[in-house]
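Undergrad: Below you will find the structure I want to go over with you.
In UniProt numbering, the protein residues as written are 1 to 198.
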């Protein structure tokens with residue numbers, strides 16, 4: 001199984017980096033072919049140019065490579081912090097440029113874009129690993145856990161990925177080394193559940 005991991009955190013050595021590496025190691029241990037892409041390390045440009053928005057537009061090589069990796073992935077893991085109830089801008093830009101018509105979804109003939117798209121992604125499962133500095137219960141009760149709806153319903157669900165699993169790890173800023181180790185173990189277990197060995 002081909003697993004694509006997308007990491008979006010600007011600081012090398014962050015707990016997000018540790019989560020992404022733990023997920024990659026767990027998937028490899030299960031025998032999967034893993035590609036880990038660190039958007040900040042590779043300088044991914046999140047700005048969507050106007051002439052790139054339409055289906056079939058000419059794409060810069062890096063964007064085209066990400067489109068190919070996403071289209072070929074049997075499973076997807078996305079690791080990012082919760083910033084103001086949203087992913088970081090670089091990841092939102094990745095969605096804008098890579099989760100695109102003809103790659104991740106299409107509209108059926110006669111639909112001018114006002115209907116519900118048909119998902120094209122071959123991945124049947126996705127795992128979203130988030131970090132935050134708001135206690136998870138408060139995130140859910142006070143803020144409505146906006147990342148849950150964003151990934152499961154607004155993005156991946158529309159692209160054909162029906163099994164979207166997500167976990168918020170926090171509070172990171174006050175966490176102990178022991179807590180962070182437990183969270184890494186939990187992330188590894190989630191990878192094994194979402195993408196079992198063949």
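C-beta: ideal position from N, C-alpha, C; glycine also.
I'd like the span of the alpha helix (DSSP H) that includes residue 138, first residue to last.
TA: Looking at the DSSP string, the run of the alpha helix (DSSP H) that includes residue 138 is 136-143.
Undergrad: Once the 5 residues before and after residue 162 are set aside, which same chain residues still bring their CB inside 8 Å of it?
TA: Contacts found: 124.
Undergrad: Would you kindly work out how many angstroms separate the C-alpha atoms of residue 65 and residue 84, rounded to a whole number?
TA: Rounded to the nearest angstrom, the two C-alpha atoms are 29 Å apart.
Undergrad: Based on the DSSP secondary-structure assignment, which residues constitute the bridge partners of residue 6?
TA: Bridge partners of residue 6: 37, 78.
Undergrad: Indicate whether the contact test is met: 3 or more Cβ pairs, each with one atom in the region 47-62 and one in the region 16-26, closer than 8 Å.
TA: These segments do not touch.
Undergrad: In three-state terms, what does DSSP make of residue 42?
TA: It is coil, neither helix nor strand.
Undergrad: Alpha carbon to alpha carbon, how far is residue 37 from residue 110?
TA: C-alpha separation (whole angstroms): 36 Å.
Undergrad: Considering only residues of the same chain and omitting the five flanking positions on each side of residue 198, which have a CB-CB separation below 8 Å?
TA: So the qualifying residues of the chain are 1, 31.
Undergrad: Does the contact criterion of 3 or more C-beta pairs under 8 Å hold for the region 75-91 versus the region 124-143?
TA: Contact between the region 75-91 and the region 124-143 is present, because at least three Cβ pairs lie under 8 Å.
Undergrad: Compare the beta carbon distance of residue 171 and residue 133 with 7 Å and say whether it is the shorter of the two.
TA: Contact: yes.
Undergrad: Return the chain-ordered list of same chain residues with a C-beta closer than 7 Å to the C-beta of residue 16, the five sequence neighbours on each side being excluded.
TA: So the qualifying residues of the chain are 7, 9, 79, 80, 81, 131.
Undergrad: In chain order, what residues of the same chain have a beta carbon less than 8 Å from the beta carbon of residue 18, not counting five sequence neighbours either side?
TA: Excluding positions up to five away in sequence, the list reads 180, 184.
Undergrad: Let me know the secondary structure DSSP gives residue 29 once reduced to three states.
TA: Helix.
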